[in-house]
Each structure stands twice: as C-alpha cells, then as structure tokens.
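Student: In the numbering used here, the protein residues as written are 211 to 509.
In this text, a Cβ means the ideal position worked out from N, Cα and C, and glycines have one as well.
Since we're looking at a predicted model, the values are computed, not measured.
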Ligand SMILES: [Zn+2]
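#1: For a test of the three-state rule: what should DSSP assign to residue 432, helix, strand or coil?
#2: How long is the line joining the alpha carbons of residue 502 and residue 469, rounded to whole angstroms?
#3: Taking Cβ to Cβ, would you say residue 392 is nearer than 9 Å to residue 400?
#4: Label residue 330 either buried or exposed according to how many other C-beta atoms from any shown protein chain fall within 10 Å of its C-beta, with 16 as the threshold for buried.
#5: Run through DSSP, which three-state label would residue 388 get?
#6: In the DSSP assignment, find the beta strand (DSSP E) that holds residue 324 and state where it starts and stops.
#7: Beta-carbon distances below 5 Å to any heavy atom of ligand 1 define the shell here; list its residues in chain order, please.
#8: Which residue from 375, 410, 500 puts its Cα closest to that of residue 455?
#9: Could you tell me how far apart the beta carbons of residue 476 and residue 460 are, in whole angstroms, since I believe they sit closer than 8 Å?
#10: Who are the Cβ neighbours of residue 496 in its own chain at under 6 Å, not counting the five residues just before and after it?
#11: Look up residue 381 in the DSSP assignment and say whether it is helix, strand or coil.
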C-alpha cells in the first residue's frame, strides 16, 4: 500500500513538474507575442504601407513580391502569375536581395507550379512556401521552410486587427492578441512540450508540428483566452459574425475538424483580406474546402 501511494505521489510530482514546465513555455510564448505586438504598434504608424491600399493587398502575396512591388500590385494577381512588365518601377529589381537566397537570384521570383488543387486553383511553390491561387498556405499538407521568418505579425494584418478591435470595443467587447507570430524554433519547442504532456496523437489535434504552423506566417493570431471557454464569450459570438468584415476568417471552424486537421479554435483568426474573407465566410466552407486542398501530415 505504502509503496503504491508513494509511487502515485511520484507520478503526481512528475506531472506537476511537467505542468510547471508547460506553464513557463506558455508564459514565454505569450510574452514573445506581446513584445511582437508592442513592436508592431510602435513601428506601424510611420510605415508608408498604410497610405497605399494596393501595397497592402500585395503583402498577402509573397515576401519577395512584397519587396519587389513597392509601387503596388493589383490584388487580382491571385493566380500568382506575376508579370514583371507590370512592375514598371525599375528600382524594384535591386530590392529583392533581402528575401532572395543566393541560390535563386532573380530567376525564381515566381517559383514553380507544382500542381492544381481539386477546385482548379494553381498551386505554386515560391522559395519553399506554398501558394494556392496566390494565397499563402501553411497546414498539415503544406509546410514552411524552417528559415521562413517574417519575425512578427504582418503590418497589414495588424492594421486590420486594430480596425476590428475598435469596432468590437464600440460594442463593449474586448479583443486582444494572446499569441501572434511564432518562429519555427518556438513552435518546435511548444509542440514538443505538448507531445510530452499529452502524447503525439492528441497534440496533433490542437498544435502544429514545427514548420506546419500558420503562426509562422505572420498572417494569423490567437485572440483572448486560448481555451474552449472562449467559445462561450460574447467576443467569440461577435467574431463568428463579423471577423470577415475586417478581412479575417475563423480558420478552424466547428464541424470541419477532419478537413482542417484541427479541433475548433474560435480564437484563431487568419487574415485573407476583406474580399476573400467575405467569400470564404459566405461559402460556409473552411479554407481547405474553399481552395480544394488537404491538410494531412504525410507520415
Ligand atoms: Zn492559433
């Protein structure tokens, strides 16, 4: 008896230690997110980006295109079929070095077409990042390179968040970002601590493996309380109705778990721009269905 008790105490202690480690991880991740948000808030105002809506739209395209097209690019380049003649601005060529690797030079700006989705959209790989109909995709099928690291939430996405936050505040609701950009390394650490706690099968239902997280794109964030209780808040109800008006979708909707590969996450919003977010919302489809793609790990 005594022996069993003490071994159960041991288990309890080990569990407590694991939980303590996870609490520290969660805290660090949250702190990193807040620092990122503060940095964005501090630097955002002076950016010229907000003055040119076309440039804003082009940020949804690729990092390299973004730096390539300071003069703005029509958003309907959603085919990903960028025509360099449209760039007009000769200075753009010299600005690619920041995102281009030594290997690809200027030759790989449009990447390569790797296939067509089940709904007929072109799938293009640019510097290791997948775009379906020009939409950057990170899910269980389409991973990101470990060095893909925008470092923070995209400025356009933050502007859209502030607009949405103000609208919610006008109705007495409080929206705040709990977790924004997460690097490959942060995700590696986070996912593995969940695997340690709950096992791989369970962890895969709510946490992405490193390189597969949408948080690594800088185009999404988690709002408010990141747990199931959030679904019962007025903020969650408001987001379910209005997020698309500000360019966001609830990325992992209820009832689509088998398609997105993740359980319902009412707090996780992905930016698509107002036009596309409205279309996806009105379709009643999740993003995978809308684009005709899968979200399944290969192993
Ligand atoms: Zn999330």
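Tutor: Reading off the structure:
#1: Here residue 432 is taken as the residue at index 222 of the chain shown, counted from 1. Of the three classes helix, strand and coil, the one that applies to residue 432 here is strand, per DSSP.
#2: Walking along the chain shown from the start, residue 502 turns up at place 292. Walking along the chain shown from the start, residue 469 turns up at place 259. Distance from the CA atom of residue 502 to the CA atom of residue 469, rounded to whole angstroms, is 10 Å.
#3: Sequence index remark: in the chain shown, residue 392 carries index 182 (1-based). Sequence index remark: in the chain shown, residue 400 carries index 190 (1-based). Result yes, Cβ atoms of residue 392 and residue 400 sit closer than 9 Å.
#4: In the chain shown, counting from the first residue as 1, residue 330 sits at position 120. Exposure of residue 330 is indicated by the presence of fewer than 16 other C-beta atoms within 10 angstroms of its C-beta.
#5: Taking the first residue of the chain shown as position 1, residue 388 is located at position 178. The three-state reading of DSSP puts residue 388 in strand, counting E and B together.
#6: The sequence position of residue 324 within the chain shown is 114, counting from 1. Segment 322-326, the beta strand (DSSP E) holding residue 324.
#7: Residues with a Cβ closer than 5 Å to any heavy atom of ligand 1, in chain order: 432, 478.
#8: Your numbering for residue 455 matches position 245 in the chain shown. The shortest C-alpha separation from residue 455 is found at 375.
#9: Counted from its first residue, the chain shown places residue 476 at position 266. Counted from its first residue, the chain shown places residue 460 at position 250. Sure, about 6 Å apart at Cβ, within 8 Å.
#10: By one-based count along the chain shown, residue 496 stands at place 286. Result list for residue 496: 463, 466, 469, 470, in chain order.
#11: Residue mapping note: residue 381 aligns to position 171 of the chain shown, counting from 1. In this structure, residue 381 counts as coil in the three-state DSSP scheme.
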